[in-house]
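Presented below is the structure to which this report refers.
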């Protein structure tokens, strides 16, 4: 029996900011949820189940927050499920939410991802000491910097490619009212001159630390057909994971990433990935991950991802494969929401509802998230038409 | 999308009703409460062997009986085969730098580390996976991918059952390892077409 066709009919985001002191965690989630429900023309009583995701409990120090949040999310007496896949969790949560509709378990699902980094210490949460290994890493930057260095050596990419990505994403963020960073006067030279933190990663090539939540409403085919607002149809979802340490592991383009991409493109019936996808929302917390993922996802051949960046192919303004029109993770990073924002922004593009950062006539878009030691992957492809 | 995307959702618009007793009071927006997490770490058999050997300046890995890969630190399992490891392997305390990071900002947890310092994935001779450590006794800017290194241990009277016995890794002065990612991945190097 074929899976139920699934539609996204509501997207809700909060303003992303370093500290949203005006709301509690519950208030932050309700803000995103209400916006998604309003767009979907639904109310709490229409929701059959709630699927949520966030980074590990270490972050805010609130253990099992789904328990106390059930009431704030209208989930009392309804199924609520929490997804855990580190930084990719927002994407995985959307995939699980879609599966609830695709499997005909539920007809209308509310899904939410969030993080309140202002009430958290991510550096601490990511660097718990272990007696069997030396604790020398300074958070995620220290972990990913050697992988980026390896990519640079392997491809001979020019040193400033990462700065080009960062400058592009920060410029594109100016078109997104929800983006955390709005650096109106940021020049390319300022990006290049920003201090090295985890050499070769500069300050301006890293994501900010944000508060925020993102929500979506997903429904079955009949409800999607009946909806008179914009609709994004799910054309494929895929998740993969792998150990972060085994012999011969390709750290730059892990097997789980390549296999996840192959699966999701096959589900969507896409052969020429670069030609058939109109917009990509890709998880790029450090600038160099854009060219690395372009290769891993098969938009560029091995060693050629940086050339796409250099040529401007990934810019909203004039590029043939615009990447992170919303400003991406480099402009807003509420960790547990960041993956879902990618998926939601891909949906907004094919709905024609992305506002000033809309890619004209976008018909098919990809949402992408990764997490852990580049070992957890979630991807989806959404379209303006039915699959 | 709403006309003003930043306007509060309709359901959240409007004033909040507060009890008269607290009307006009400054709202509490946050409260800082220090939290602590203390726990007893139980390393299990494989890591216990590894940590005890560390106290004798020895590095123990474990071999996968299916793939032949050698893991360090050993966790008792082989991640690719999904099986328990087949045996213990004693590794040399020499290897090469697989890749590295230069941290140029101080980190809270290690106030003793003065930036800039170099952390690296070290692949020990005979091991299949990298091992994180500091590269010392060389300027960070001079560290290279492929550079040969050896462990610098704590003095004998300071040895514990801890990976912290290795203070860092210093250059041996031997010729660098040749690393060819394209060959390793079985792909053509586009730059050499």
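Protein chains in written order, with the numbering used here: chain A, 173 to 559; chain B, 678 to 870.
By construction, the Cβ of each residue, glycine as well, lies at the ideal position given by its N, Cα and C atoms.
Remember, predicted model here, so these are calculated numbers, not experimental data.
Where residue 178 of chain A sits in the DSSP three-state scheme: Taking the first residue of the first chain as 1, we reach residue 178 of chain A at position 6. Per DSSP, reduced to three states, the secondary structure at residue 178 of chain A is strand.
Residue-level contact to chain B via CB, residue 318 of chain A, 7 Å cutoff: Here residue 318 of chain A corresponds to residue number 146 of the first chain, with the count starting at 1. Yes, its Cβ sits closer than 7 Å to a Cβ of chain B.
Nearest neighbour of residue 771 of chain B, chosen from B:777, B:801, B:744, B:817 [CA to CA]: Indexing the second chain from 1 puts residue 771 of chain B at position 94. Checking every option, the nearest Cα to that of residue 771 of chain B belongs to B:801.
Boundaries of the beta strand (DSSP E) in which residue 538 of chain A is found, first to last residue: Counting from one through the first chain, the residue named residue 538 of chain A turns up at place 366. From DSSP, the beta strand (DSSP E) with residue 538 of chain A extends over 536-543.
Residue 848 of chain B: first and last residue of the uninterrupted beta strand (DSSP E) it sits in: Indexing the second chain from 1 puts residue 848 of chain B at position 171. In this chain, the beta strand (DSSP E) harbouring residue 848 of chain B covers 843-848.
Residue 499 of chain A vs residue 345 of chain A beta-carbon contact at 7 Å: As a working mapping, residue 499 of chain A is identified with position 327 in the first chain. As a working mapping, residue 345 of chain A is identified with position 173 in the first chain. In terms of Cβ geometry, residue 499 of chain A and residue 345 of chain A form a close pair [threshold 7 Å].
Endpoints, alpha helix (DSSP H) assigned at residue 515 of chain A: Translated into the one-based positions of the first chain, residue 515 of chain A becomes position 343. Note, residue 515 of chain A: alpha helix (DSSP H), 507-523.
Runs of alpha helix (DSSP H) wholly within the region 220-249 of chain A (minimum 4 residues, chain order): Those alpha helix (DSSP H) runs which fall completely within the region 220-249 of chain A and span 4+ residues are 237-241.
Residue 819 of chain B classed as buried or exposed, judged by whether at least 16 other C-beta atoms fall within 10 angstroms: In the second chain, counting from the first residue as 1, residue 819 of chain B sits at position 142. Counting other Cβ atoms within 10 Å of its Cβ, residue 819 of chain B stays below 16 and is therefore classed as exposed.
Which residues DSSP lists as bridging residue 706 of chain B, in chain order: Locating residue 706 of chain B in the second chain gives position 29, where the first residue counts as 1. Answer by DSSP bridge pairing: none, since residue 706 of chain B is not bridged.
Distance between beta carbons of residue 299 of chain A and residue 543 of chain A, contact taken as under 8 Å: In the first chain, counting from the first residue as 1, residue 543 of chain A sits at position 371. In the first chain, counting from the first residue as 1, residue 299 of chain A sits at position 127. About 16 Å separates the beta carbons of residue 543 of chain A and residue 299 of chain A, which is beyond the 8 Å limit, so they are not a contact pair.
Rounded separation between residue 312 of chain A and residue 829 of chain B - CA only: Along the first chain, one-based indexing puts residue 312 of chain A at 140. Along the second chain, one-based indexing puts residue 829 of chain B at 152. One Cα belongs to residue 312 of chain A, the other to residue 829 of chain B, and the distance between them is close to 26 Å.
Those runs of the alpha helix (DSSP H) which lie wholly inside the region 369-442 of chain A and span at least 4 residues: Whole alpha helix (DSSP H) segments, 4+ residues: 393-398, 427-439.
Residue 237 of chain A at chain B interface by Cβ criterion, 7 Å: Translated into the one-based positions of the first chain, residue 237 of chain A becomes position 65. Judged by the 7 Å Cβ criterion, residue 237 of chain A is not in contact with chain B.
For residue 290 of chain A, the first and last residue of its enclosing beta strand (DSSP E): Counting from one through the first chain, the residue named residue 290 of chain A turns up at place 118. Per DSSP, residue 290 of chain A belongs to no beta strand (DSSP E) and is neither H nor E.
Residue 776 of chain B - partner residues in DSSP beta bridges: Here the question's residue 776 of chain B lines up with position 99 in the second chain. For residue 776 of chain B, which the question treats as bridged, DSSP gives the partners B:798.
is_contact[residue 694 of chain B, chain A] using C-beta, thresh 7 Å: What you label residue 694 of chain B is simply residue 17 of the second chain in a count that begins at 1. Chain A, which has no Cβ nearer than 7 Å to the Cβ of residue 694 of chain B, makes this no.
Selected residue, minimal CA-CA separation from residue 824 of chain B, among B:836, B:756, B:774: On the second chain, residue 824 of chain B is found 147 positions in, with the first residue counted as 1. Ranking B:836, B:756, B:774 by Cα distance to residue 824 of chain B puts B:774 first.
Three-state secondary structure (DSSP) of residue 741 of chain B: Within the second chain, numbered from 1, the residue matching residue 741 of chain B stands at position 64. Coil, per DSSP.
Segment contact flag, the region 437-457 of chain A with the region 283-303 of chain A, C-beta cutoff 8 Å, min 3 pairs: In the pairwise beta carbon analysis, the region 437-457 of chain A is classified as not touching the region 283-303 of chain A: fewer than three pairs are separated by under 8 Å.
Reduced DSSP secondary structure (H/G/I, E/B, other) of residue 825 of chain B: Locating residue 825 of chain B in the second chain gives position 148, counting from the first residue. DSSP places residue 825 of chain B in the strand class (E or B) of the three-state scheme.
Residues sharing a beta bridge with residue 324 of chain A, DSSP: Residue mapping note: residue 324 of chain A aligns to position 152 of the first chain, counting from 1. Paired residues: none, contrary to the question.
Alpha-carbon to alpha-carbon, residue 322 of chain A and residue 869 of chain B: The count along the second chain starts at 1 and reaches residue 869 of chain B at position 192. The count along the first chain starts at 1 and reaches residue 322 of chain A at position 150. Caution is warranted here: a pLDDT of 46 is assigned to residue 869 of chain B, below 50, making its placement in the model unreliable, and the coordinate value is therefore given only provisionally. Answer to the nearest angstrom: the Cα atoms are 18 Å apart.
Cα-Cα separation between residue 350 of chain A and residue 521 of chain A, rounded to whole angstroms: Locating residue 350 of chain A in the first chain gives position 178, where the first residue counts as 1. Locating residue 521 of chain A in the first chain gives position 349, where the first residue counts as 1. Using only the alpha carbons, I get a separation of about 15 Å.
Residue 370 of chain A: contacting residues in chain B (beta-carbon distance under 7 Å): Sequence index remark: in the first chain, residue 370 of chain A carries index 198 (1-based). Ordered by position in chain B, the residues that pass the 7 Å Cβ test against residue 370 of chain A are 778, 780.
Alpha carbon of residue 515 of chain A to alpha carbon of residue 538 of chain A, nearest angstrom: Position 343 of the first chain holds residue 515 of chain A. Position 366 of the first chain holds residue 538 of chain A. Distance between the alpha carbons of residue 515 of chain A and residue 538 of chain A is about 7 Å.
Distance, residue 810 of chain B Cα to residue 777 of chain B Cα: To locate residue 777 of chain B, count along the second chain from 1; it is residue 100. To locate residue 810 of chain B, count along the second chain from 1; it is residue 133. Going by the C-alpha atoms only, they are around 9 Å apart.
Chain-order list of residues whose beta-carbon lies under 6 Å from that of residue 505 of chain A (same chain, five-residue window excluded): Your numbering for residue 505 of chain A matches position 333 in the first chain. Here the set comprises 379, 380, 382.
Contact set for residue 292 of chain A: own chain, Cβ-Cβ below 6 Å, skip 5 residues either direction: In the first chain, counting from the first residue as 1, residue 292 of chain A sits at position 120. Closer than 6 Å at Cβ, skipping near neighbours: 231, 232.
First and last residue of the uninterrupted alpha helix (DSSP H) at residue 466 of chain A: Locating residue 466 of chain A in the first chain gives position 294, counting from the first residue. Residues 461-468.
Buried versus exposed call for residue 288 of chain A [16 or more other C-beta atoms within 10 Å across all chains shown]: Reading the first chain from its first residue, position 116 is the one you call residue 288 of chain A. Counting the other CB atoms within 10 Å of its CB gives residue 288 of chain A a total of 16 or more, which places it among the buried residues.
Residue 508 of chain A beta carbon less than 7 Å from that of residue 113 of chain A: Residue 113 of chain A lies beyond the range of chain A shown here (173 to 559); nothing can be said about it.
Residue burial classification, residue 502 of chain A (beta-carbon count within 10 angstroms, cutoff 16): On the first chain, residue 502 of chain A is found 330 positions in, with the first residue counted as 1. Buried: at least 16 other Cβ atoms inside 10 Å.
Three-way DSSP call (helix, strand, coil) for residue 201 of chain A in this model: Within the first chain, numbered from 1, the residue matching residue 201 of chain A stands at position 29. In this structure, residue 201 of chain A counts as helix in the three-state DSSP scheme.
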